[in-house]
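Visitor:
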Amino acid sequence: MTRVLVVDDEPQLVRALVINLRARHYEVDAAPDGAGALRLAAAHNPDVVLLDLSLPDMDGAQVIRGLRGWTRVPIIVLSARHASKEKVQALDAGADDYVTKPFGMDELLARLRAAVRRAEPGGSGGDQAVIATEAFTVDLAAKKVRSDGADVRLTPTEWHLLEVLVRNPGRLVTQTQLLQEVWGPSYRSETNYLRVYLAQLRRKLERDPSRPRHLITEPGMGYRFEP
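Position 116 of the sequence shown, counting from 1, maps to 116 under full-length UniProt numbering, and the rest follow consecutively.
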């Protein structure tokens, strides 16, 4: 069973989430604050985290950074904060998705399923392609990236985005294609997501992130991977 960690200090919302998730055969843990969330995550190793940003003891971004210090578990932020700056900050801290309150339960469940699906190892390993650049190597079968002889830790969403680009070497992949493939059809206008995640990938993979040689932006159109 998929284990979900719900982190929110609104008892009514937590109760609704727990009821709906358990009715769909998820295992659910719940924490009302950041410290409890970090303890439960370490103890139970959830498959996905639903996290409110406004917690009584710390900001949700601190929880994200605490989790990202040791796990790549998908993190979906649930927040009443509507400003795009808040979304970018949460994504930059390591969140995989952002759902604005109030939200529909069906939409949240769809996002949860997509996040879990992105984090799963792919298939039976039939794709053995290894793509090498002068800066890094991508092993599509093992879902690993290496740079300077060491593994590069990517979040599931960072990996999915890189994988789409790497599987289309030299070809322009439009913003709409990337958003639909990685996040789903309801995200086709969320170009902020792409800017944040491409910046993160460049910082991790490019020799000079300010002058990328492999993860190229085509202004107003999309992105291109050049081996």
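Glycine is no exception: its CB is placed at the ideal position from the N, C-alpha and C atoms.
1) In whole angstroms, what is the alpha-carbon distance linking Pro-209 and Asp-148?
2) Mapping the DSSP letters down to three states, classify Gly-60 as helix, strand or coil.
3) Taking the alpha carbon of Glu-181 as the reference point, which residue from Gly-170, Val-196 and Glu-163 has its own alpha carbon closest?
4) DSSP state of Pro-32, grouped into three classes?
5) Given Arg-213, which residues of its chain have a CB within under 6 Å of its CB, disregarding the five upstream and five downstream residues?
6) Among Val-14, Tyr-197, Val-6 and Tyr-98, which residue has its Cα nearest to the Cα of residue 228?
7) With a threshold of 16 other CB atoms inside 10 Å of the CB of Lys-87, please say whether the residue is buried or exposed.
8) Can you give me the Cβ contacts of Glu-158 inside the same chain, cut-off strictly under 7 Å, excluding the 5 residues immediately before and after it?
9) Per DSSP, what kind of secondary structure is Gly-222 in: helix, strand or coil?
Guide: Let's see:
1) 16 Å
2) Helix at Gly-60.
3) Taking only the C-alpha atoms, the option nearest Glu-181 is Glu-163.
4) coil
5) none
6) Missing from the structure shown is residue 228; the chain here goes from 1 to 227 and no further.
7) Buried is the call here.
8) Tyr-197, Gln-200 and Leu-201
9) strand
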